[in-house]
Structure formats: C-alpha cells, structure tokens
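So the protein sequences, as listed, match chains U and G. Residue 90 in this note's numbering sits at position 39 of the first sequence, with consecutive numbering throughout. Residue 625 in this note's numbering sits at position 67 of the second sequence, with consecutive numbering throughout. The beta carbon of each residue, even a glycine, is placed where N, CA and C say it ideally should be. A short worksheet on the structure shown next.
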Amino acid sequence: MNLTTESRLEKLLKRGEFVVTAEIGPPQHASAHEIVHHARLLKGYVDATNITDCQTAVVRLSSFAAAVHILREGLEPIMQMTCRDRNRIAMQSDLLGAYSLGIRNLLCLTGDHQSFGNHPTAKNVHDLDSIQLINMVKRMRDDRVFACGEPIKEHEPRFFIGAAANPFADPFEFRVVRLEKKINAGAQFIQTQCIFDLERFSRFMEMVVERGLHERAYILAGLTPIKSIGAARYMQKNVPGMIVPEELVQRLRKAKDDGKNVADEGVDICVEFINKVRKIKGVAGVHIMAIAWEEIVPTIVQKAGLYPRPKAD
Amino acid sequence: MIVAEQKPFAEIAGFVADCNKILVAGCLGCVAVCLAGGEKETEILAAALRMHRRLQGKPLETVTYTATRQCDPEYVDAMADLVKDVDAVVSLACGVGVQYIAERYPDKWVVPALNTRFAGGSVAQGVWEERCGLCGECILHKTGGICPIIRCSKSLLNGPCGGSQYGKCEISKDVPCAWQLIYDRMKALGRLEWLLEYQPPKDWSKSRDGGPRKAVREDATI
Chain U
52 MNLTTESRLE KLLKRGEFVV TAEIGPPQHA SAHEIVHHAR LLKGYVDATN
102 ITDCQTAVVR LSSFAAAVHI LREGLEPIMQ MTCRDRNRIA MQSDLLGAYS
152 LGIRNLLCLT GDHQSFGNHP TAKNVHDLDS IQLINMVKRM RDDRVFACGE
202 PIKEHEPRFF IGAAANPFAD PFEFRVVRLE KKINAGAQFI QTQCIFDLER
252 FSRFMEMVVE RGLHERAYIL AGLTPIKSIG AARYMQKNVP GMIVPEELVQ
302 RLRKAKDDGK NVADEGVDIC VEFINKVRKI KGVAGVHIMA IAWEEIVPTI
352 VQKAGLYPRP KAD
Chain G
559 MIVAEQKPFA EIAGFVADCN KILVAGCLGC VAVCLAGGEK ETEILAAALR
609 MHRRLQGKPL ETVTYTATRQ CDPEYVDAMA DLVKDVDAVV SLACGVGVQY
659 IAERYPDKWV VPALNTRFAG GSVAQGVWEE RCGLCGECIL HKTGGICPII
709 RCSKSLLNGP CGGSQYGKCE ISKDVPCAWQ LIYDRMKALG RLEWLLEYQP
759 PKDWSKSRDG GPRKAVREDA TI
C-alpha cells in the first residue's frame, strides 16, 4: 500500500474502510483528567479522534497537549490547528514538536472569530489562511522545506493533512470550488460541518463527485447528535454557517410530547443520518461531533452497526 | 481619507486637568471632512473645555488654531508663536498630526483629542466605513475591487470561511461577508475562475509588521 504518512487513519481510508472519527473538546483547566476519561470511553469505537483547538475562541488546554494525552491512551489523535492564534513561525514550531511526540494527523482550520469567545478584545493573527496552512504542511512533508523555502535538512514532519468543508455556508456554489482549492493545496481528508440538512449535503456531494474530488480526498460526513430542543434551537439561530431544518426541531418536540426522551431521539436521528450519508456517493466515513457529550459516541457507533472497528494491521 | 472620531470629553478634559493655558489645534485635512477635527469642532471643543473648567472653579485659557494640514511640517511650524506660552497642545488631528506637533515642539506636552479609526470614506451623511487595510501591497485587481484584508474579519485570501451565511460575516448580521461580495462581483464580471487560483501567504513585512514604513520619490527629493 502506497502511504504518504505513518497515520493509521490514512491506512484505513486507503484500504477502503468506512472510517469513524469523533471529537474531544479539551477542558478550561490544566488537568487531563476528562481527556483521559473520554479517550478511554472512545477507545475501540473510533478510528481517530479530533482534538479541538480552543473552539469558539475560548481558552482551553491546547490541542497539542491534549493530543499527546490521548496518544498515551492508545487512541490516534487528529490535532486541530487554527490560523487565529499563531503566525507561521509558531505553527511550524508546533508542527515539529507535535510530530516529534507522535502526532500524525492534522486538521487545518481558519478558526472561529475571537468575538465569539471569552477574549473578544484579543488580536487575531491570520498570518496564513487555512489553505495556505494546508500548503505549508504539505510542502514541509513533500518538498522538505519550511514556509520560507529553507530546506528541512532531516526529519521532516509527515502529517496526514485534513481540512474542513462547510456545505451549509455561502456562497453555496463556491463551497465546492473552495474544497477543490484545499485539495489542490494538499488536503487529503475532509471533515464537514455538522449535517442536519441532508438534501443540501446531497447536492454538495453531487458537485464534489462531478468534479472528481471524492477520488482526490477522503470525505468524512460530520454529524452531531442533538441532546435537547434548546441545543437544536441554539444551533439553528446562533451558530453561523449551520442549517438546522425546522422539521428536525419539530421531531424532537414531538418526541418530548409523546413522553420520549429527547436525547434518545437525538441519538436515533444521528444514527439514521449515518445510515443515509453512508449511501451517498463519495462519502468515505463519518465524523461524530458530540459536543460536550463525548460519552454518547460508543452508543451511536454501535447502533449504526459500525462496531467493532477494523484493525489497522 | 483617514477617518477619526473625538474621544469622550471627560478623557480629553482629564489630559489637561493640570494646565492653565492650552492650544487647541484643529486640522483642515481628512478629520475636517469626517467632522471630527476641523475648525468648527476645534472651537466647540475649546469652548467646552473652558466651560467645564469654569464650573470646576479652575478657569482654563484656550487659544485655537486650525492648520491646513498637521501632517505637513510647514503648517506645524506656523503655530510656533501660539505653542510657545501654553502648557499643552490638544491636537484634533489624526495620530500623524499629534506626532508631528510633538516632534516639532519636543518640550511641549501634546495630547490627542481624537481616536484615529481607519482609512475609509463616507457611505451616507454622517456615516463612514473602512475600505483599505494599508497593507502595502494592493491585491484589489485579484478580488474584484473589494479588499479582503480589511473587509474580511479574518483577512482571508483564498475565499470565505465556514462562517459566511446569507451574505453576512459570522461576527455580525450587520457586516457583509467580503468574500460573498467578491464572489458576486467576480461572477457578474465573468471572472470566477480567478478565485480558484491559490493565493500564497502574504508578505506582511510590507504592512504594519515591518516597523514604520517610508515612501521615497527620488524625483521629488531635493
């Protein structure tokens, strides 16, 4: 098998396995206790785990350190890196450090604007944008050069490079073009924004397939189980770049009216969506983002018939 | 032009609380156009400071002068006689003017009356908007005449982030997404394929990061 990196995720994708990734959000303190707890819960149920990088611009334990903690637990991390807080010097430095500690997957992101977080008066960096970051990581690996063009004489970092795509943001037609730019820049796997509008996602994937992008990168469909009606409403109204159809909220409401547990219904919806996206041409796996609800992931994976996970070797 | 707005009155009054006589210096350049530091605003600020101090029982003497441009040594020189016997100069120019006065009169206490906001223009009566990030290397030919450096809240060069929705930026429903504007315009001009081209990292040394910038026109120097 012709692999570009030592990533286990790359190996599974290349082998044609339908992969499952999940997400762990680091805490707002200096203990790895919860990270380790979540890693132990997810072990065996997912192929790799994303570690968010100060998501929604709230200060949290770094994605770099959290990735090392879960690596020690025997899980494969996908370290997320945003362009909001670091310039190209800090980014490359962290990439060298992360690789030296065994991190093999990187997800390159723009990053939420600082005005969403707990330091709204901070200065954002955006020295590079996410596409330039992708290209820098690829050049470090394949051309063995730093961003400035100077050679990396030995031990270049060899990351399996990921990027995000949001089919629910605008301009819709440009989203596939932007995805192509990311792939041209070096992205090898793509994790999408949470899918609640299946029709729009299907249209997006049609355009992806039309351009042949599914053959140039592995596309993992992003899914989020909804825990409560309030959470659904919040995402519907307050999270930019998300589409939560009204019928989904109504379905949760009906479940509540029928005396069912709303969270259970949320899990059922998520499982249904996994089964539906699996049938869409070009989808290579799912990325489950159970926000502040990591412990539900094993249930979802089991109910979706995706357990046990394949062995890499 | 440079768009500025006056600082809160209490802040300006605080700067000169221990002075007995001040020069209030306006500017007829950009700040006059954006109604922040022209002749009228200069006289009003001087009068307000005098009234405020009279009410405090500690009268303040003011002299006023509105320079053609405070960013030009020639016009800053012209206020030498007035600067001589005041305790402080309150400048209603942009940050450039304040510094020009401070440099020209090194033993004088010079304070800003304005907050210098941005390089922009008028969009409606009494409303100004930022248009240029002064990055030192213009790319407007690649982006349909719309600047992503300053109009995109993340200065993205390769298209909109995932927070662009319904034409708006993720930071506010009142802020148009610069990349939506760029996309619409490039589409209308039939040049969408330009947006597929990868834009490499920007040379920020030509921007603020490179220290104070200098522009020299050899043919205009003596």
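For G:A590, the enclosing alpha helix (DSSP H) starts and ends at C588 to V591. Residue-level contact by beta carbon fails for G:C696 and chain U, as no gap is shorter than 9 Å. For U:T161, a Cβ of chain G is located within less than 9 Å of the residue's own Cβ. Listed by position along chain G, the residues whose Cβ is nearer than 9 Å to that of U:G292 are C719, G720, G721, S722, Q723 and E728. Taking a C-beta cut-off of 7 Å against chain G, none of the residues of the segment 324-348 of chain U qualify. With distances taken between CA atoms, G:Q683 lies nearest to G:L593 out of G:K565, G:L593, G:R675 and G:E563. The beta carbon of G:S649 sits no closer than 9 Å to any beta carbon of chain U. Of all residues in the segment 219-237 of chain U, only F219, A220, D221, P222, F225, V228, R229, E231, K232, N235 and A236 place a beta-carbon less than 8 Å from a beta-carbon of chain G.
The three-state secondary structure of U:R111, taken from DSSP, is coil. The residue among U:G263, U:D248, U:P296 and U:P361 with its C-alpha nearest the C-alpha of U:N217 is U:D248. Beta-bridge pairing by DSSP links U:P202 to U:V196. Annotation for U:M132: the continuous beta strand (DSSP E) segment containing it runs P128 to T133. Interface flag for U:S181 against chain G is set, since a Cβ pair is found closer than 9 Å.
Rounded to whole angstroms, the separation of the alpha carbons of U:V313 and G:G691 is 49 Å.
In this structure, DSSP gives U:T72 an extended state, which the three-state scheme calls strand. Think of a sphere of 9 Å around the beta carbon of U:S166: the chain G residues whose beta carbon falls inside it are S711, E728, I729 and S730, in chain order. The beta strand (DSSP E) runs of length 3 or more contained entirely in the segment 590-673 of chain G are, from start to end of the chain, 619-625, 646-649 and 667-670. Put simply, the CB of G:N716 is near chain U, with a gap under 9 Å to one of its CB atoms. When CB distances to chain U are screened at a threshold of 7 Å, the residues of the segment 745-756 of chain G falling below it are L753, L754 and Y756, in chain order.
According to the DSSP secondary-structure assignment, G:E688 is paired through a beta bridge with G:G678. Taking a cut-off of 8 Å for Cβ pairs, the segment 642-653 of chain G and the segment 667-678 of chain G touch, as three or more such pairs fall below it.
Close to G:P758, with beta-carbon spacing below 9 Å, are these residues of chain U in chain order: Q183 and N186. Taken atom to atom, the span from the alpha-carbon of U:R59 to that of U:A306 is near 40 Å. Close partners of G:W762 in chain U (Cβ separation under 9 Å): N138 and D178. Judged by DSSP in its simplified three-state form, U:F240 adopts strand. Contacts between U:A215 and chain G, judged by CB atoms closer than 8 Å, involve G720 in chain order. Out of U:G125, U:L126, U:F223 and U:L146, the CA that lies nearest to the CA of U:M132 is found in U:L146.
In this structure, the alpha-carbon of G:V685 lies about 19 Å from that of G:P566.
Approximately 5 Å separates the beta-carbon atoms of U:F167 and U:T107; this is inside 8 Å, confirming the contact. Going by C-alpha positions, U:F115 is about 9 Å away from U:L152.
Below the 8 Å Cβ cutoff, chain G contributes no neighbours of U:A141, its closest Cβ being approximately 14 Å away.
Per the C-alpha coordinates, the member of G:K616, G:E776, G:E688 and G:T600 positioned closest to G:V647 is G:T600.
Pairing U:I75 with U:T100 gives a Cβ-Cβ distance under 9 Å. If you draw a straight line from the Cα of U:M191 to the Cα of U:L184, it is about 11 Å long. Below 8 Å, too few C-beta pairs join the segment 194-207 of chain U and the segment 225-240 of chain U to call them touching: fewer than three. Among the bridge pairs identified by DSSP, G:S711 is matched with none.
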